[in-house]
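Just so you know, we're using our numbering here: the sequence shown kicks off at 1 and counts up by one. Using N, Cα and C, we set each Cβ at its ideal position, and we do this for glycine too.
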Amino acid sequence: MKNISLIISVFLLSFFDAVGQTDSFDVFTFQAPKFFTKSALPSRVQFNLTNSDTSFCNITVYKSQVANSGGSEMTRQWNEHVVKKLTKADKKPQQVLSGKQWDGWAHTLAIGNFYQNKKKCVVMLNSFTKDKVAACVVFVMSDKSFKEPVESFSKQLHLNNNK
Numbered sequence: 001m002k003n004i005s006l007i008i009s010v011f012l013l014s015f016f017d018a019v020g021q022t023d024s025f026d027v028f029t030f031q032a033p034k035f036f037t038k039s040a041l042p043s044r045v046q047f048n049l050t051n052s053d054t055s056f057c058n059i060t061v062y063k064s065q066v067a068n069s070g071g072s073e074m075t076r077q078w079n080e081h082v083v084k085k086l087t088k089a090d091k092k093p094q095q096v097l098s099g100k101q102w103d104g105w106a107h108t109l110a111i112g113n114f115y116q117n118k119k120k121c122v123v124m125l126n127s128f129t130k131d132k133v134a135a136c137v138v139f140v141m142s143d144k145s146f147k148e149p150v151e152s153f154s155k156q157l158h159l160n161n162n163k
């Protein structure tokens with residue numbers, strides 16, 4: 001009986017330790033979204049969820065780079081990670097919100113659209129700069145049903161002060 005109690009205790013501790021576990025990539029610390037599939041490359045970590053009705057959400061955390069001197073990092077990132085990768089993406093974001101700080105990094109949010117299977121979808125690029133370093137996270141979703149996992153991931157996203 002003691003062995004069974006011990007096994008159950010170890011299992012429960014392992015289970016609760018794995019749930020809500022913090023992960024890191026480059027300058028970012030985050031919690032992986034539930035039910036999303038993770039894939040990793042040296043240049044990025046991506047989380048993907050595609051439902052049976054083909055609705056989808058991708059969250060991509062890109063490795064930081066040296067910031068452009070004198071240029072807009074958000075514009076470079078938008079061209080590189082949105083315009084070049086998404087079908088019929090807006091050449092420029094429809095809305096840009098800047099002037100905020102996120103863990104001591106300058107933060108700009110760019111929002112626009114692209115098309116997937118003739119359906120209008122949303123893309124949000126979170127651009128971060130600090131001390132000549134630029135980093136970004138891109139959220140791509142087919143519809144508003146992914147608002148909760150995107151908000152949850154964002155709330156738990158942190159940037160390290162030292163690279």
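Return the CA-CA distance between K84 and Q77, expressed in angstroms with no decimal places. 10 Å
Through-space distance from S52 to K63, alpha-carbon basis: 31 Å
Simplified DSSP state of V122, which is helix, strand or coil: strand
Spatial neighbours of H81 within its chain, please: C-beta separation below 7 Å, excluding the five flanking residues on both sides. Y62, L125, C136, V138
Starting from the C-beta of C121, find all residues in its chain whose C-beta is less than 6 Å away, skip the five residues before and the five after it, and write them out in chain order. F114, S142
Who are the Cβ neighbours of K155 in its own chain at under 7 Å, not counting the five residues just before and after it? none
When the Cα of V66 is compared with those of K92, V133, R44, K144, which residue comes out closest? V133
Just reading off the beta strand (DSSP E) that K147 is part of, what are its end residues? Note, K147: premise wrong, no beta strand (DSSP E); alpha helix (DSSP H) at 147 to 155.
First through last residue of the beta strand (DSSP E) which encompasses Q77: Careful: Q77 lies outside any beta strand (DSSP E), inside the alpha helix (DSSP H) at 73 to 78.
Give the single residue among E148, K92, F25 whose Cα lies nearest to the Cα of F35. E148
Measure the C-alpha to C-alpha separation of Q46 and K38 and round it to an integer number of angstroms. 6 Å
Spatial neighbours of S152 within its chain, please: C-beta separation below 7 Å, excluding the five flanking residues on both sides. P33
Would you mind sorting K88 into buried or exposed? The rule is 16 or more other CB atoms within 10 Å of its CB. exposed
What three-state label does DSSP hand V27 in the structure shown? coil
Considering only the alpha carbon of each residue, which of L86, A106, D103, A110 lies closest to Q95? A110
Using the DSSP secondary-structure output, state which residues sit across from L112 in a beta bridge. This sequence places Gly at residue 112; Leu is not what is there. DSSP output for G112 lists V123 as bridge partner(s).
For S98, is the classification buried or exposed, using 16 other Cβ atoms within 10 angstroms of its Cβ as the cut-off for buried? exposed
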